[in-house]
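Written below as structure tokens is the structure these notes are about.
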Amino acid sequence: MEWLQYIFFGVCALFVIGGGLVTVASRKPIRSAMGLLGTILGIAGCFLLLSAQFLAVIQLIVYAGAVVILFVFLVMMLGSAATSPSDAGSALPRYVGAGVFLSAAAGALIFIIRAGSKALQTMPVAAEGFGTIEHVGREIFTARIVPFELTGGLLLVAVVGALAVARGTQADPTRGTEAAPVEPKALPAPKITQGESES
799 MEWLQYIFFG VCALFVIGGG LVTVASRKPI RSAMGLLGTI LGIAGCFLLL SAQFLAVIQL
859 IVYAGAVVIL FVFLVMMLGS AATSPSDAGS ALPRYVGAGV FLSAAAGALI FIIRAGSKAL
919 QTMPVAAEGF GTIEHVGREI FTARIVPFEL TGGLLLVAVV GALAVARGTQ ADPTRGTEAA
979 PVEPKALPAP KITQGESES
């Protein structure tokens, strides 16, 4: 059954790498969103291989089911305005960024190769029930209840702060609604032509 795991891992890795390339390289926002969806599905499959069913389900519900759908809706609402204009700036910053990224990737690869067997040890077998919803729920609501509640409070404060900032940038519709009295404008005098004056 190990060869099935290798095949499944290969498929998930193809989804992750291919989806990431499509997300970055595509010029159409819809295709980029679909590439992101493929990457998310591949990551969820990798979580399943690690016996982390809870993380896999959360990955699908939160990211694939909410974030990507939000991106698609925004692209559909914006239409042609979602396409960024062509960059007429210098290409030097992009080449410098690409060089830095490739240098960092090469350094990380060399470090992994030099580490040898220490970095490539087989992962220990997970305990029975590890990563399941029951295990994660029991861990959160027993030993990790205080960090869980603090995280909930932090998110609540962030939402309230975002609402306060958004409300502060808009004008209050209940203030300043009293309009000044409008004075009637005088109508222009009718023009009298020469024929009308003679008659």
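Just so we're on the same page, my numbering is the position in the sequence shown counted from 1, plus 798.
Yeah, the Cβ is synthetic: ideal placement off N, Cα and C, and Gly gets one too.
Would you mind working out which of G951, L953, L847, A956 sits nearest L802, comparing C-alpha positions? For the purposes of this step, residue 802 is identified with residue 4 of the sequence shown, where counting begins at 1. It is L847 whose Cα lies nearest to the Cα of L802.
Where does I931 land, buried or exposed, given buried means 16+ other C-beta within 10 angstroms? The sequence position of residue 931 within the sequence shown is 133, counting from 1. It is exposed - the Cβ of I931 has fewer than 16 other Cβ atoms within 10 Å.
Using a Cβ-Cβ cut-off of 7 Å (strictly less than) and excluding sequence neighbours within five positions of I815, which residues of its own chain qualify? As a working mapping, residue 815 is identified with position 17 in the sequence shown. No residues qualify anywhere along the chain.
Spell out whether any CB of chain C is found under 8 Å from the CB atom of G808. Absent here is chain C; the protein component of the structure consists of one chain.
With a floor of 4 residues, list each alpha helix (DSSP H) that falls wholly inside the stretch 816–850, ordered by position along the chain. Scanning the stretch 816–850 from its first residue to its last, the whole alpha helix (DSSP H) runs of 4-plus residues come out as 827–847.
Quick one, are the C-beta atoms of G929 and A850 less than 8 Å apart? In the sequence shown, counting from the first residue as 1, residue 929 sits at position 131. In the sequence shown, counting from the first residue as 1, residue 850 sits at position 52. Yes, they are a contact pair.
Taking the beta carbon of G777 as the centre, do at least 16 other beta carbons fall within 10 Å, making it buried, or is it exposed? Residue 777 falls outside the range modelled here, since the chain spans only 799 to 997, and no answer is possible.
Between the beta-carbon of V870 and the beta-carbon of I828, is there less than 8 Å? Translated into the one-based positions of the sequence shown, residue 870 becomes position 72. Translated into the one-based positions of the sequence shown, residue 828 becomes position 30. Yes.
Alpha-carbon to alpha-carbon, V944 and A896: Mapped onto the sequence shown, residue 896 falls at position 98. Mapped onto the sequence shown, residue 944 falls at position 146. A896 and V944: Cα-Cα distance of roughly 43 Å.
Out of curiosity, what's the CA-to-CA distance linking A964 and V955? Taking the first residue of the sequence shown as position 1, residue 964 is located at position 166. Taking the first residue of the sequence shown as position 1, residue 955 is located at position 157. Taking the straight line joining both Cα atoms gives about 14 Å.
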